[in-house]
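Residue numbering for the sequence shown follows the UniProt record's numbering, starting at 1 and increasing by one per position. For every residue, glycine included, the Cβ atom is placed at its ideal position computed from N, Cα and C.
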Amino acid sequence: MKVLVIGPGGREHAIVRSLLRDPNVTEVHAAPGNAGIAEIVPTHRIDANDPAAVTALALRLESDLVVVGPEAPLAAGVADAVQAAGIPVFGPSRDAAQLEASKAFAKAVMAEAQVPTAMARVATTVEEAADALDAFGAPYVVKDDGLAAGKGVVVTEDRDEALAHAQSCFNVGGTVVIEEFLDGPEVSLFVLADGRSVVPLAPAQDFKRIFDGDEGPNTGGMGAYSPLEWVPANLVQDVIDRVAQPTIDEMARRGTPFTGVLYCGLALTSRGTRVIEFNARFGDPETQAVLARLKTPLGGVLMAAAKGQLEKIDELRWAPETAVAVVLASENYPDAPRTGGRIRGLKKARRLDGVHVLHAGTAVDDAGNTISAGGRVLAVVGLGVDLEDAREKAYAGMGQISLEGGQFRKDIAAKAARGEITVAGPAAHALGTNP
Ligand code: AMP
Ligand code: GLY
């Protein structure tokens with residue numbers, strides 16, 4: 001099977017790496033990829049958001065499957081175009097990707113499917129925003145309605161800051177969604193969907209804030225680990241039953257069946273599990289941790305989803321190890337990251353036992369040096385017998401790597417390793433098993 005992977009980031013590097021381990025995958029190409037992806041497969045410089053360009057490349061490469069990584073090409077209709085050319089594609093149509101591209105749309109689908117989520121109001125003026133803020137009370141949650149790479153959300157105790165964020169969205173012609181605050185730990189669960197059936201991957205946790213102790217602004221994600229020892233045993237089945245399957249059913253009922261990853265961003269609140277958000281693709285950097293443990297060959301699974309045949313696949317198999325991914329970001333990320341800095345120590349990091357490095361925003365300069373080329377630069381993944389061991393490995397790898405001004409969190413998975421994450425309320429008393 002020949003597979004073309006679309007996207008430039010760490011998630012795509014993880015996908016490519018897993019595909020290369022699938023004995024039925026004979027060839028992998030990526031577009032545009034990054035410096036790390038280019039070390040392992042041929043890459044192609046095209047505009048990943050251009051449906052015609054992606055389709056032309058897939059036809060030229062005689063790809064059997066196209067895997068679309070990021071949200072922007074999905075929202076631009078890349079999957080529709082590839083599908084129309086007769087090539088199986090892993091990733092939702094433009095209409096189905098609205099589950100991520102519009103928070104207001106996602107809320108409407110959840111309401112129809114009776115999926116538990118935060119109460120929310122859409123606001124288009126400062127007056128409406130102020131009313132909604134006062135109705136829900138502090139802490140305030142204000143979300144830009146459109147795609148914002150995880151950075152469009154402000155959670156604050158400060159009413160003026162909440163209003164200012166709403167105003168800044170209105171200033172550029174946007175709308176906002178204002179929500180009740182959800183307490184409790186967050187879980188990312190990736191659910192593969194083929195339009196009708198669903199298959200869950202192992203749950204992961206993501207670290208959204210830039211600084212240790214969950215301080216500072218939201219980012220695309222600064223680290224992740226999987227599996228989660230502390231989640232209630234029936235969490236995955238519960239999310240399938242009450243969130244993922246009803247959502248997939250509702251999308252099919254609307255005539256916009258969803259194929260790809262339904263990324264369920266969940267809060268395990270004191271009143272039960274709630275959806276914080278849906279994404280229409282694998283999460284980054286959770287994918288780097290989740291796929292590090294997947295033993296079932298990935299190509300076959302993604303092809304089954306693309307062809308509407310998920311019901312036919314065997315139960316997924318997982319390595320017993322724990323994976324921790326720590327992200328190295330550029331100086332000044334997430335504001336205006338400084339790029340172009342030389343990255344040293346990659347080879348040394350890779351030589352460590354149980355460590356691999358997945359590139360995100362990297363490039364090669366004229367002198368052949370690997371340099372930073374984006375906000376998030378790379379992730380170091382450690383695979384260990386437990387969280388402590390995996391953390392040690394990931395941080396040992398990071399210790400070998402240097403980038404001027406580079407920043408990474410020192411506390412990825414630390415709280416979980418210390419056994420300090422607790423789930424309160426109904427979500428805590430559950431039965432069953434997790435992958
Ligand atoms: P989103 O882009 O919707 O995933 O939001 C980004 C992050 O903001 C989430 O991962 C949460 O940490 C936080 N967040 C979003 N919505 C809420 C909410 N209703 N209550 C508490 N935190 C939230
Ligand atoms: N890690 C969060 C995201 O991929 O949106």
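Practice problem: State the Cα-Cα distance for the pair valine 231 and arginine 11, rounded to the nearest angstrom. | Solution: Position 231 of the sequence shown, counting from 1, holds the residue named residue 231. Position 11 of the sequence shown, counting from 1, holds the residue named residue 11. Cα to Cα, the separation comes out at about 24 Å.
Quiz prompt | Own chain partners of residue 483 with C-beta closer than 8 Å, once the 5 adjacent residues on each side are dropped | solution = Because the chain spans 1 through 435 in this model, residue 483 falls outside it and cannot be assessed.
Quiz item: If you compare alpha carbons, which of Val54, Met398 and Glu27 is closest to proline 42?
Solution: Residue mapping note: residue 42 aligns to position 42 of the sequence shown, counting from 1. Looking at the Cα atoms, Glu27 is the closest of the given residues.
Quiz item: So is the beta-carbon of serine 157 under 8 Å away from any non-hydrogen atom of ligand 1?
Solution: Along the sequence shown, read from residue 1 onward, the residue named residue 157 stands at position 157. First, the residue type needs correcting, since residue 157 is glutamate and not serine in the sequence shown. Answer for glutamate 157: no, Cβ out of range of ligand 1.
Exercise. Compare the C-alpha of arginine 253 against each of Val54, Val377 and Ala96 and name the closest.
Key: Taking the sequence shown and counting its residues from 1, the one referred to as residue 253 is at position 253. Closest option to arginine 253, Cα to Cα, is Ala96.
Quiz item: For leucine 378, which three-state DSSP category applies?
Solution: Position 378 of the sequence shown holds residue 378. Three-state DSSP puts leucine 378 in a strand.
Quiz item: Taking 8 Å as the line, does the beta carbon of glutamate 186 fall inside it for any heavy atom of ligand 1?
Solution: Residue 186 sits at position 186 when you count from the first residue of the sequence shown. Yes, ligand 1 has a heavy atom inside 8 Å of this Cβ.
Quiz item: Does the Cβ of lysine 208 lie closer than 8 Å to at least one heavy atom of ligand 2?
Solution: Within the sequence shown, residue 208 is the residue found at index 208, counting from 1. Yes; taking the cut-off as 8 Å, the Cβ of lysine 208 has a heavy atom of ligand 2 nearer than that.
Practice problem: May I ask you to list the residues that DSSP assigns as paired with glutamate 277? | Solution: As a first step, residue 277 is located in the sequence shown; it is residue number 277 there, counting from the start. Glutamate 277 pairs with Gly265.
Quiz prompt | N- and C-terminal bounds of the alpha helix (DSSP H) containing alanine 76 | solution = Sequence index remark: in the sequence shown, residue 76 carries index 76 (1-based). Alanine 76 -> no alpha helix (DSSP H), and no H or E assigned at all.
Self-check item: For valine 66, the three-state DSSP class (helix, strand or coil)
Solution: Here the question's residue 66 lines up with position 66 in the sequence shown. Strand, per DSSP.
Quiz item: Thinking C-alpha only, which one of Ala138, Asp134, Val176 and Asp158 is nearest glycine 152?
Solution: Here residue 152 corresponds to residue number 152 of the sequence shown, with the count starting at 1. Nearest of Ala138, Asp134, Val176 and Asp158 to glycine 152, Cα basis: Val176.
Quiz item: Does DSSP put leucine 431 in a helix, a strand or coil?
Solution: Position 431 of the sequence shown, counted from the first residue, corresponds to residue 431. Unreliable positioning characterises leucine 431 in this predicted model, as indicated by a pLDDT of 39, which lies under 50. The coordinate reading is nonetheless provided below. Coil at leucine 431, not helix or strand.
Exercise. Would you kindly report the start and end of the unbroken beta strand (DSSP E) that includes aspartate 194?
Key: Stepping through the sequence shown from its first residue, residue 194 is reached at position 194. Note, aspartate 194: beta strand (DSSP E), 186-194.
Self-check item: the segment 319-330 touching the segment 407-418, judged by at least three CB pairs closer than 8 Å
Solution: yes
Quiz item: Just to confirm, does alanine 224 get its C-beta within under 8 Å of one of the non-hydrogen atoms of ligand 2?
Solution: By one-based count along the sequence shown, residue 224 stands at place 224. Result yes, Cβ under 8 Å from ligand 2.
Practice problem: Quick one: measure Cβ to Cβ for glycine 397 and valine 380, integer angstroms, because I've assumed they're closer than 8 Å. | Solution: Here residue 397 corresponds to residue number 397 of the sequence shown, with the count starting at 1. Here residue 380 corresponds to residue number 380 of the sequence shown, with the count starting at 1. Between valine 380 and glycine 397 the Cβ distance is about 4 Å, and since that is below 8 Å, they are a contact.
Exercise. With a threshold of 16 other CB atoms inside 10 Å of the CB of glutamate 100, please say whether the residue is buried or exposed.
Key: Numbered from 1 along the sequence shown, position 100 holds the residue referred to as residue 100. By the 10 Å Cβ count, glutamate 100 comes out buried.
Quiz item: Does the Cβ-Cβ distance between valine 67 and valine 172 come in under 9 Å?
Solution: By one-based count along the sequence shown, residue 67 stands at place 67. By one-based count along the sequence shown, residue 172 stands at place 172. Taking 9 Å as the Cβ cut-off, valine 67 and valine 172 do not qualify as a contacting pair.
Quiz item: Start and end of the beta strand (DSSP E) containing lysine 2?
Solution: For the purposes of this step, residue 2 is taken as residue 2 along the sequence shown, with counting starting at 1. Here the beta strand (DSSP E) through lysine 2 covers 2-7.
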